[in-house]
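Working notes, beginning with the structure itself.
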Amino acid sequence: MLRLVFGAFIISLSPVFVKLAHVPADVSAFYRMFFGGLGLWLGLRLRGVSLRPSGRALPLALACALLFGLDLMCWHRSVLYIGPGLATVLGNFQAFLLAAHGVLVLRERPGPRFLVSLPLALAGLLLMVGPQWSQAPGDYRLGVLFGLLTAVWYAAFLLLLKRAAVRSGSPDPMSVMCVVSLGAALFLGLEVGVTGQSFAIPDAQSWAALLAYGLLGQVLGWVLITTAMKTARAALVGLLLLTQPALACVWDVLFFHKPFTGPELTGVAVALAAIFLGATASAGKDRARKS
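Throughout, the numbering used here is defined as the position within the sequence shown, counted from one, plus 191.
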């Protein structure tokens, strides 16, 4: 359990690193994948594990890289427009979307947790962004939309990553994630180059933030969480992972002095409850299929 808590704590700092790095959204996304991919590759080499997943898994891993790149492009813009806290809460709506995928696509019978999560998710979203929507500047509205798109891309990424891990034929998913990271870095690097952005890292603070973002967020935090999830109960995993968006809101207040209003805080709490219900509902379906 300590690994799961520590991993969630580390990942909660990811949007802070995005804000601290003085580079555009796509450039910070590129360096997360580049530094993270190199860190995973080095870890695989030290353990004597092959980098390349099986031939069947490789196309899926590359497709995952594209989805992860799109996810980061949207999430980083959301972080810069509306702050780490709200952007991370909106991105975690992916848990609700995964539960919806089980009901709508896999034709699973919706359980009570899923049915309760529907109105809670909508109520939380309206409380977080509704009161100030009409007076909000354009960047704020874009940030909300990018945050919701983050959830869509990340849910699609997780669904495809699960298939890639199964097809890899290995219980250790690090090789798949390494390919995903380096593939996403290639995709993001091409996007940065085509749009004429600079890869330059302007100062020591940006270097420190980007290195920490890639090596801590993409490598250490991810490894701790995925290894801990193998033995932890699904409900406990869902509850502890809520510390990530909750802590992101705390960091937003402490580091960037975000002035949360009463309705926003209520909306965050309601949204986190919906995310928990959505996450544990989909996890419960997975357990039922395995039994």
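Each residue gets a CB set at the ideal place from its N, CA and C atoms; glycine is no exception.
- The beta carbon of Ala400 sits closer than 6 Å to those of Phe208, Leu211 and Ala212, all from its chain and outside the five residues before and after it, given in chain order.
- Here Glu455 carries a helix assignment [DSSP, helix/strand/coil].
- In terms of Cβ geometry, Ser219 and His292 do not form a close pair [threshold 8 Å].
- Contact check for Gln435 and Ile273: beta-carbon distance about 17 Å, past the 8 Å limit, so the pair fails to qualify.
- In chain order, Tyr404, Gly405 and Gln409 place their CB closer than 6 Å to the CB of Arg223, counting only its own chain and leaving out the 5 sequence neighbours on each side.
- The count of Cβ pairs closer than 8 Å, one atom from the region 258–265 and one from the region 325–332, stays below three, leaving the stretches out of contact.
- Ranked by Cα distance from Leu281, the first of Met365, Leu313, Leu306 and Leu379 is Leu313.
- Our two residues, Val444 and Gly239, have alpha carbons roughly 43 Å apart in a direct line.
- Taking Ile392 as the centre and dropping the five residues before and after it, the same chain places the C-beta of Trp398 closer than 6 Å to its C-beta, in chain order.
- At the C-beta level, Gln388 and Pro215 come within 8 Å of one another.
- Taking the C-beta atoms as reference points, Ser269 is found no nearer than 8 Å to Ala465.
- The DSSP-derived three-state label of Ser389 is coil.
- By the C-beta density criterion, Gly453 is exposed, having fewer than 16 other C-beta atoms within 10 angstroms.
- Between Ala346 and Leu289, the CB-CB gap stays under 8 Å.
- DSSP places Ser269 in the helix class (H, G or I) of the three-state scheme.
- For Gly334, same chain residues with a beta-carbon under 6 Å away, outside a window of 5 residues either side, are Ser269, Tyr272 and Ile273 in chain order.
- Per DSSP, the continuous alpha helix (DSSP H) segment holding Pro310 begins and ends at Pro303 to Val320.
- Annotated three-state conformation of His213 is coil, per DSSP.
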